[in-house]
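One structure is given here, and the rest of the page talks about it.
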Ligand code: ADP
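Residue numbers (our numbering): 108 to 630.
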């Protein structure tokens, strides 16, 4: 019957349909189902199956599609799959008989052909007949071979596709987990991939960002506020720049100002046409701030050190003039100024040394138990003098306040700094209160003033190195922005914390905790 022309026609029709299915869909099992269905029909078989070598488990054959064989009985065919192709002519019939007995199916005849891609076998296609018809002929073999070839192409395509898919998933995972922002843009500058770090950096969600122009989502601005991505996109410059890098500022959707460095790797076609690019975006705000701090440091320090030196030089020069005579009071006043300025200079230098010590590995403490109240009294005494008139110092320590455990000199430096700030930043004078109470095994101490106060958004920043709030008083008061930085380092070295509670225009209260003395704990 195979010789009939309409049969040949149908066979060609089937093969064409299968080829179409293979090109149309990359889903392997539907193509295999189609192949085995047609193969069984064309060969007047009763059932059939396709087994594919499993790449992951050492090329063991696994059934991937069948015709007229329900999935539950697939395991019964294992002895057949285990049989090497070379043993089929000799042992195939007896193994098939066993399987038939096992499944209760009548499987009398079998034709099997390997699926071969580029000389290597990727599976086997089997067609069974229930009745002992005429044997499978050479034509039958050829026909099955044609189907087997199609199935082999489908397997090979599916494997390639799976491979590409796996690679893509691996790449996607790498991009997604990158600590840097990563974004892929297409030839029309639209975002196609946007990782989690990009979401955090820009405040744009992936869903919103994908499909938008990159200049809208990332929009890197120069210091002068020009959007570089719109006006001077580094990927569009001519001549082409290999792997351009752009530094600048972005404003996230939730209003944060961030400095970023964006590196691009572009993909280009013939003639340099732009096909797409991957951008690697790094938050460099901390480095930028550090660099700015260094600059501030130099200008602040040179100013701070120069001022006392020029005052000292001015007074000394005047007092040394031979053509002038000074009253004893004027002389004493001049020398007092020189002495005060020299002290200030010494303090500044000490602060600087402390800062480099803190940066190099912390503060060393010489601890003992002592009463905070006497330390506070000591500090207040040192402030008695010209400033005392406009200020009223109040000490508020409970009589039964236990001693604290710490480095007296270092803590005196802290309290002295806080009091000095309270004086500096209270132009109208007012009362300065210093007090403490015990809570658990810690003391909570404070220095409170009625001065200009500190805006909420500045309250964390003032403890940073060189940070000074930008206000009128900043220009009028001397300071290097180191006091609170050092205070925090000293308090933290004691295992305590320091913070501020303040309202603009209403005054500030600096609080810190310190461990209480050991004596108290063991009592
Ligand atoms: P400096 O006083 O040398 O500037 P500090 O580190 O001691 O440096 O303080 C940092 C900044 O915090 C100050 O410049 C000031 O703006 C602010 N500040 C500190 N203490 C007070 C205070 N008691 N009241 C208001 N502002 C304060």
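Even for Gly, the Cβ is constructed at its ideal location relative to N, Cα and C.
Compute every distance between the C-beta of residue i and the non-hydrogen atoms of the ligand ADP, then say whether any falls below 6 Å.
i: residue 350; result: no
i: residue 528; result: yes
i: residue 575; result: yes
i: residue 532; result: yes
i: residue 624; result: no
i: residue 538; result: no
i: residue 635; result: Any property of residue 635 remains undetermined from this structure, which presents the chain solely from 108 to 630.
i: residue 586; result: yes
i: residue 518; result: no
i: residue 106; result: For the chain, the structure presents residues 108 to 630; residue 106 sits outside this window and is missing.
i: residue 615; result: yes
i: residue 612; result: no
i: residue 591; result: yes
i: residue 605; result: no
i: residue 551; result: no
i: residue 569; result: yes
Which residue marks the beginning of the alpha helix (DSSP H) containing residue i, and which one marks its end?
i: residue 199; result: 195-210
i: residue 254; result: 245-284
i: residue 410; result: 392-426
i: residue 303; result: 303-309
i: residue 149; result: 135-149
i: residue 313; result: 313-316
i: residue 593; result: 590-600
Within 10 Å of its beta-carbon, does residue i have 16 or more other beta-carbons around it, so buried, or fewer, so exposed?
i: residue 628; result: Residue placement at residue 628 cannot be trusted, given a pLDDT of 45 that sits under 50; what the coordinates show is reported in the next sentence. Exposed, by the Cβ-count rule.
i: residue 302; result: buried
i: residue 524; result: buried
i: residue 217; result: buried
i: residue 433; result: exposed
i: residue 456; result: exposed
i: residue 630; result: Its pLDDT being 44, under 50, residue 630 is placed unreliably by the model, and the measurement read from it follows with that caveat. It counts as exposed.
i: residue 556; result: buried
i: residue 620; result: buried
i: residue 121; result: buried
i: residue 116; result: exposed
i: residue 194; result: exposed
i: residue 350; result: exposed
i: residue 448; result: buried
i: residue 146; result: buried
i: residue 314; result: exposed
i: residue 267; result: exposed
From the DSSP output, read off the bridge partner residues of residue i.
i: residue 217; result: 235
i: residue 553; result: 542 and 618
i: residue 223; result: 228
i: residue 157; result: 172 and 232
i: residue 356; result: 328 and 366
i: residue 389; result: 368
Could you give the residue range of the beta strand (DSSP E) that holds residue i?
i: residue 368; result: 364-375
i: residue 610; result: 605-610
i: residue 499; result: 498-503
i: residue 622; result: 614-622
i: residue 290; result: 288-293
i: residue 476; result: 475-477
i: residue 333; result: Element bounds for residue 333: n/a, residue is neither H nor E.
i: residue 511; result: 511-513
Express the C-alpha separation of residue j and residue i in angstroms, rounding to a whole number.
i: residue 511; j: residue 393; result: 36 Å
i: residue 108; j: residue 242; result: For residue 108, the pLDDT reaches just 46, beneath the cut-off of 50, and the residue's location in the model is therefore unreliable, although a value from the coordinates is still provided. In a straight line, the C-alpha of residue 108 is about 13 Å away from that of residue 242.
i: residue 356; j: residue 269; result: 41 Å
i: residue 485; j: residue 369; result: 55 Å
i: residue 586; j: residue 476; result: 32 Å
i: residue 453; j: residue 409; result: 14 Å
i: residue 207; j: residue 225; result: 34 Å
i: residue 264; j: residue 253; result: 17 Å
i: residue 363; j: residue 341; result: 24 Å
i: residue 401; j: residue 348; result: 32 Å
i: residue 295; j: residue 284; result: 26 Å
i: residue 221; j: residue 256; result: 9 Å
i: residue 352; j: residue 339; result: 12 Å
i: residue 312; j: residue 169; result: 43 Å
Are there any heavy atoms of the ligand MN lying less than 6 Å away from the beta-carbon of residue i, as far as the coordinates show?
i: residue 287; result: As for the ligand MN, it is missing from this structure, which binds only the ligand ADP.
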